[in-house]
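Novice: Okay, so the sequence shown: first residue is 288 according to the working numbering, each after it adds one.
Where a beta carbon is used, it is the ideal one built from N, C-alpha and C, also for glycine.
Here the structure is a predicted model, which means the values were calculated and not measured.
Supplied in structure tokens, the structure appears directly below.
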Amino acid sequence: MARPAAFRMITALLALAWLGSAAVAGPFSPIKRVNDQVITQFEYDQRLLFMQILRQPGDLEKLAMDTLVDDRLRMSAAKQFGLAMTPEQVTAGMEEFAGRANLTAEKFVEIVGQAGIEAETFRDFVEAGLVWREIIRGKYGPGVSISEPQIDRALAGMQPMVAISVRLAEINIPATGATRGEALVQARRLKQELRAGADFAALARANSKGPTAGRGGVLEWMKLSELKPEAAVAVRGLTAGGVSDPVVLDDRVVIYQMQEQKQELTSEKPAVVVDYAEYLVPDDGKSAAVVRAKVDTCDDLYGVAKGQPAEMLTRQTLPLGQIPANIAAALALLDAGESSTATTRGGWRVFLMLCRRGAALAEQPTRDEVRLQLTNQQLGTMAEIYLEELRSEAIIVTP
């Protein structure tokens, strides 16, 4: 919204008066005015040093001033919206920022303090970012909607550029036949003990079976993609010290603890895996068409096959090279959600449906992660537009 001409004239006159009074230089002397707020030499020096420590690219002298100006505009907008961060929220934001370097906020402040940066400089930087995030979410968030086709297109175009490696600890409980139920009960009991503060390594030594039990369940480093898909999904969101829910694998139930993880750039072409379903229907020329009319995705097939023998519907996720040649040839002609009835087996017609084709599950983000990423991209664009509006309306004066 444009400011009234009278207001802009008064603000400009006040700025000129301020310029005349800013002749005496000093660390706390104003060096720029943004509407009714000032930026001091001390704040600028601190921000410049902070940018240098963060190893920001570009013209750091310009970047330091630009970010200070933008922060003043963000805080002014927050005041207009009646929005303020609590001390607890700012502290949590500082912890989040420091955590990106695997540090606590206290340790981060100590390290940057050795370079001459005040704790308040870090706090102000974080607070402006937090309040701006809340403004954008409140102002534009309700209007952002990400469709399922948008997520599909994003996933189809993703090529992983990093290899995630993890160092896990495990509590490995054998679970075959009649012992599966008992193993699940034991695993859930152990998970409750861990929630109550029990030591993971001690529980692993006492309860885990296998070669890792003697060393507290600790496994060697491995790529996330080397884990079973169920295990990869369970651990990918864990931070150091985090514990997974019990994971049911072929012959065991496992509880994982994240010890460490790291990401490395990779030029390797990601392995292509194919998720597909085979549903056996009568070879009568009609049944396959009836099924096709009822389903849009592979998940819909479970409802169609409900009550039938388990072998009538199978779903697998396999590397492309491990799929039988005739099935692979049929799948090559399909997009996700499409089907083929070109194959027969044992007197049945195979209703073949492609569920997903792409990088290994452990290497791709989940649909919820992609939705959040696309939402943040849209909000980021809107935030830049809004900030540019604030800049264009502001009275910014340099002596």
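In the DSSP assignment, find the alpha helix (DSSP H) that holds LYS394 and state where it starts and stops.
Specialist: 392-401 is the span of the alpha helix (DSSP H), which, as asked, contains LYS394.
Novice: Could you tell me if ASN459 is buried or exposed, where buried requires 16 or more neighbouring beta carbons within 10 angstroms of its beta carbon?
Specialist: With 16 or more Cβ atoms within 10 Å of its Cβ, ASN459 is classed as buried.
Novice: If you follow the alpha helix (DSSP H) that PRO374 is in, where does it begin and where does it stop?
Specialist: Here the alpha helix (DSSP H) through PRO374 covers 374-386.
Novice: To the nearest angstrom, report how far apart PRO686 and THR327 are at their CA atoms.
Specialist: Roughly 12 Å separates the two Cα atoms.
Novice: Using the Cα positions of GLY307 and ILE318, report the straight-line distance between them to the nearest angstrom.
Specialist: Per-residue confidence for GLY307 stands at a pLDDT of 44, beneath the threshold of 50, marking its modelled position as unreliable; the derived number appears in the next sentence. Going from the Cα of GLY307 to the Cα of ILE318 covers about 12 Å.
Novice: Excluding the 5 residues preceding and the 5 following PRO314 in the sequence, name in chain order all residues of the same chain whose CB lies nearer than 8 Å to its CB.
Specialist: Once the five neighbours on either side are set aside, the close Cβ partners of PRO314 are THR327, GLN328, PHE329 and ASP332.
Novice: May I have the straight-line CA-CA distance separating THR628 from GLY380, to the nearest angstrom?
Specialist: Spanning the two alpha carbons is a distance of roughly 55 Å.
Novice: The beta strand (DSSP E) spanning ASP562 covers which residue range?
Specialist: From DSSP, the beta strand (DSSP E) with ASP562 extends over 559-569.
Novice: Please identify the residue among LEU639, GLY528, VAL559 and LEU525 whose C-alpha is closest to the C-alpha of LEU567.
Specialist: Per the Cα distances, LEU639.
Novice: Is it right to say VAL559 is buried, meaning 16 or more other beta carbons lie within 10 angstroms of its own, or is it exposed?
Specialist: The residue in question, VAL559, is exposed, as its Cβ has fewer than 16 Cβ neighbours within 10 Å.
Novice: Which term fits VAL577, buried or exposed, when burial requires 16 or more other beta carbons within 10 angstroms of its beta carbon?
Specialist: Exposed: under 16 other Cβ atoms inside 10 Å.
Novice: Please confirm whether any heavy atom of the ligand ADP lies closer than 7 Å to the CB of GLN343.
Specialist: What this structure holds is no ligand at all, so the ligand ADP is not there to describe.
Novice: Decide if MET509 is buried, meaning its Cβ has at least 16 other Cβ atoms within 10 Å, or exposed.
Specialist: MET509 comes out exposed.
Novice: Mapping DSSP to helix, strand and coil, what is ARG678?
Specialist: Reduced to three states, the DSSP call for ARG678 is helix.
Novice: Quick check: GLU547 and LEU506, are their CB atoms within less than 8 Å of each other?
Specialist: Result no, Cβ atoms of GLU547 and LEU506 do not sit closer than 8 Å.
Novice: Would THR408 be called buried (16 or more neighbouring beta carbons within 10 Å of its own) or exposed?
Specialist: Classification for THR408: buried.
Novice: Quick one: give me the first and last residue of the beta strand (DSSP E) that PRO317 is part of.
Specialist: Note, PRO317: beta strand (DSSP E), 317-321.
Novice: Put TRP508 into one of helix, strand or coil per three-state DSSP.
Specialist: Three-state DSSP puts TRP508 in coil, outside helix and strand.
Novice: Taking all protein chains shown into account, decide if TYR563 is buried (16 or more other Cβ within 10 angstroms of its Cβ) or exposed.
Specialist: Buried, by the Cβ-count rule.
Novice: Where does the unbroken alpha helix (DSSP H) through PRO516 begin, and where does it stop?
Specialist: Looking at the DSSP string, the run of the alpha helix (DSSP H) that includes PRO516 is 516-522.
Novice: CB ASP570 to CB ARG636, shorter than 8 Å?
Specialist: Yes.
Novice: How is GLN544 classed by DSSP in three states: helix, strand or coil?
Specialist: GLN544: strand per DSSP, three-state reduction.
Novice: From which residue to which residue does the beta strand (DSSP E) around THR630 run?
Specialist: It spans 626-632 - the beta strand (DSSP E) in which THR630 sits, taken as one unbroken run.
Novice: For ASP346 and THR601, I'd like the C-alpha separation in whole angstroms.
Specialist: Their Cα atoms are separated by approximately 58 Å.
Novice: Which of the three DSSP states is assigned to VAL582 in this structure?
Specialist: Coil.
Novice: Cα-Cα, which of GLN401, LEU620 and LEU417 is closest to ALA365?
Specialist: It is LEU417 whose Cα lies nearest to the Cα of ALA365.
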